[in-house]
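Line by line, the protein sequences give chains E and Y.
For the first sequence, this note's numbering assigns the number -2 to the initial residue and increments by one for each residue that follows.
For the second sequence, this note's numbering assigns the number 59 to the initial residue and increments by one for each residue that follows.
The next block holds one structure in the form of structure tokens; read it before the comments.
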Amino acid sequence: MPFVKQFDAEIIENRPVTESWRELVLSWDGLAETPAPGQFLTLRVSPYSDPLLRRPFAFSGFVGRAAGEAPRASVIYQIRGGATRLLSELAPGARLDAIGPLGRGFPQPGAEETPILAGGGIGLGPLLFLASALAEIGEAPLLVLGLRSLSLLPRIELPEGAVLCTDDGSSGFRGTPVDWISRERPESRPSGGGAAVRIYGCGPAPMLAALSGLAGDRGWAASLSAEQWMACGVGACMGCALPRSGGGFLRACADGPVFDAGEIDWKACL
Amino acid sequence: MKPDLRVRIGGLELANPVGLASGTFGYGSEYEDLVDVDRIGALYTKAVTISPRPGNRPPRIVETPSGMLNSIGLANPGIEAFIAEKLPALRARRCAVFVNVAGSTEEEYLEVVERIESAGGVDGYEINVSCPNVRHGGLAFGTDPAQIERLTRALRDRTRRPLIVKLTPNVTDIGSIAKAAEAGGADAVSCINTLVGMVIDPSKARPVLAMGSGGLSGPAIRPVGVACCYKAARAVRIPVIGLGGIVRAEDALQYLLAGAKAVQVGTGTFVDPRCAISVLEGIAAWMEARGLARIDDIAALLRD
């Protein structure tokens, strides 16, 4: 279990990448635990009581301590409500109370598994981090990104060979990443094992449910990152419960946010 | 001169008046990396029930103006797993540990306390008769003075350790409920538990929480908590422990001025895990600046 730390982070960058998305780059002094792709941090965006709770954000990248330089972590977030609106108004140089790294990240692909990264909307963030981590170990992961429309394409460099899907067909493949993967990767896992696919997914609940269904049909492995309201972020409050397959609940913050597709009843999350 | 921060609950002396409220700090280990728990006066565990409870359907929480609603539903592993898996680490704590006990019948409360009494290793109990989030979560006890007194008396017969009864603000007169707990033999009352609240999403025309309503906590409820403490402290002679929306030392001081002998930080820990520590430091600094020797001296300052 990595060491979780609360630190005073400085905003290095907080730049618009679409009309409603921002890329936030943070830096901090002192010891830094290296986050894994899929892990998250929580930020207190206001010193006052409204908004009150910390907000969780998945890491979209991390650069460890280089010669004389403090570590830098980035997140990509969407302005959805008051807290993210306030966050978007903070300028470089401002400081934020941050806690991380938190949660369980994405597992590495098995030796015979081909990774396919499926992102929906703002779910892109942690997959960018995963793609760069996989590239570092010699994998060439395929990223399939789904957006409603081309106008929502972020001004962020995507991994080479990334496939763009749009709901309205304004660019790339018309349809969802699940549609694209179903069509372009028809092969099931060969009986008796052998080469197969591991889906890494992050996006809205209907997409995760569909990815779980597709992986189940094809006999693929799937690691899916779930989203839920959180209060503590460290596994204490039981607020971020998700329905577990076969009954009971799991905590998005401490048991996840990345789950094996079979662990969660994704249809019940809809 | 450094003030004396010690406070007494029944026969137990706490190193200082600041506690970590039940349901917000798990069983103590979850915040291990972030908080030096041993600096705190008391840790109140997540509620323990006789049988394991998975808790309510999600969504369980939603933020509200300066607060939050929760409908966790007393999710906990049950008394057996609590004793096997949680108690050993709690025993090793240097701060006082109170087990928060919940149930839906008198027998369930008694059995949980009896089981922990035989296992040993905790400092006392906080009896949760005020959870608004389960159908038989004790709120029926918590709103009826006669039932509170009977339950407290039955528990009193089974333990000599400090017994704290946690009161709900969802009543007409909290003073009479506090009196009933005192009459039953409680060593202290803590107030307040959450207020019942609801948030409706107009775009979906349905409540945000799966269970409909939940318990409101955070700074939004602080004035209610302070008023309840003020009232309870004037109704009973046993100590009153104040909680509800404490995020800064000044908030805790309001409770202590209202007559509370100790306080708990709950939702404030979610906002900043070090909240309870900074509240404690702020209380000590405030007392020192005013030359106050003991916690009791704070309440004596109130002009009303």
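From the three backbone atoms N, C-alpha and C, an ideal C-beta is built for every residue, glycine too.
DSSP-derived helix/strand/coil call for residue i
i                : result
Arg111 (chain Y) : strand
Thr82 (chain Y)  : coil
Val1 (chain E)   : coil
Lys289 (chain Y) : helix
Ser220 (chain E) : strand
Phe328 (chain Y) : helix
Tyr197 (chain E) : strand
Gly340 (chain Y) : helix
Val95 (chain Y)  : helix
Cys333 (chain Y) : helix
Leu75 (chain E)  : Looking at the sequence provided, one finds Gln at residue 75 (chain E) rather than Leu. Three-state result, Gln75 (chain E): strand.
Met269 (chain Y) : coil
Gly102 (chain E) : coil
Trp18 (chain E)  : strand
Arg348 (chain Y) : helix
Gln312 (chain Y) : helix
Asp354 (chain Y) : helix
Lys319 (chain Y) : coil
Thr210 (chain Y) : helix
Below-8 Å beta-carbon distance, residue i vs any chain Y residue
i                : result
Lys2 (chain E)   : yes
Leu205 (chain E) : no
Arg41 (chain E)  : yes
Pro48 (chain E)  : yes
Gly245 (chain E) : yes
Leu239 (chain E) : yes
Trp271 (chain E) : Here chain E comprises residues numbered -2 to 267, so residue 271 (chain E) is not present and cannot be evaluated.
Ile261 (chain E) : no
Exposure label - residue i; buried when at least 16 CB within 10 Å
i                : result
Lys319 (chain Y) : buried
Met126 (chain Y) : buried
Pro123 (chain Y) : exposed
Thr230 (chain Y) : exposed
Lys262 (chain Y) : exposed
Leu139 (chain E) : buried
Ser109 (chain Y) : exposed
Ala150 (chain Y) : exposed
Thr325 (chain Y) : buried
Met204 (chain E) : buried
C-alpha distance - residue i paired with residue j, whole-angstrom precision
i                : j                : result
Pro297 (chain E) : Ser220 (chain E) : Past the edges of chain E, shown from -2 to 267, lies residue 297 (chain E), and the structure says nothing about it.
Tyr85 (chain Y)  : Gly276 (chain Y) : 20 Å
Gln36 (chain E)  : Ala55 (chain E)  : 6 Å
Ile8 (chain E)   : Leu49 (chain E)  : 20 Å
Cys237 (chain E) : Gly179 (chain Y) : 31 Å
Gln75 (chain E)  : Val155 (chain Y) : 41 Å
Ala212 (chain E) : Asn114 (chain Y) : 29 Å
Gly90 (chain E)  : Phe0 (chain E)   : 26 Å
Asp202 (chain Y) : Arg145 (chain E) : 55 Å
Arg171 (chain E) : Cys162 (chain E) : 6 Å
Ser24 (chain E)  : Ala80 (chain E)  : 20 Å
Tyr288 (chain Y) : Phe83 (chain Y)  : 26 Å
Ala241 (chain Y) : Glu207 (chain Y) : 6 Å
Arg216 (chain Y) : Ser162 (chain Y) : 18 Å
Gly273 (chain Y) : Ile261 (chain E) : 27 Å
Ser271 (chain Y) : Lys237 (chain Y) : 29 Å
Ser85 (chain E)  : Asn11 (chain E)  : 7 Å
Gly244 (chain E) : Val187 (chain Y) : 28 Å
Ala285 (chain Y) : Ala316 (chain Y) : 8 Å
Arg70 (chain E)  : Lys264 (chain E) : Note on identity: in this sequence residue 70 (chain E) is Ala, with Arg being the wrong assignment. Cα-Cα distance, rounded: 33 Å.
Phe328 (chain Y) : Ile335 (chain Y) : 13 Å
Ala307 (chain Y) : Tyr45 (chain E)  : 14 Å
Asp62 (chain Y)  : Arg219 (chain Y) : 24 Å
Lys104 (chain Y) : Asp165 (chain E) : 48 Å
Gly99 (chain Y)  : Ser234 (chain Y) : 28 Å
Residue-level contact to chain E via CB, residue i, 8 Å cutoff
i                : result
Ile108 (chain Y) : no
Tyr102 (chain Y) : no
Phe140 (chain Y) : no
Pro117 (chain Y) : yes
Tyr89 (chain Y)  : yes
Val159 (chain Y) : no
Met256 (chain Y) : no
Phe199 (chain Y) : no
Pro227 (chain Y) : no
Residue i beta carbon near the ligand SAM (any heavy atom closer than 7 Å)
i               : result
Val42 (chain E) : The ligand SAM is not part of this structure, which contains no ligands at all.
Evaluate the contact criterion for the stretch 262 to 281 of chain Y versus the stretch 122 to 136 of chain Y: three or more CB pairs, one atom per stretch, below 8 Å.
yes
* Asked: Can we say the stretch 291 to 304 of chain Y touches the stretch 245 to 259 of chain Y, given the rule of at least three CB pairs closer than 8 Å?
  -> yes
Review point. Is the stretch 96 to 113 of chain E touching the stretch 128 to 141 of chain E, taking contact as three or more C-beta pairs under 8 Å?
Key: yes
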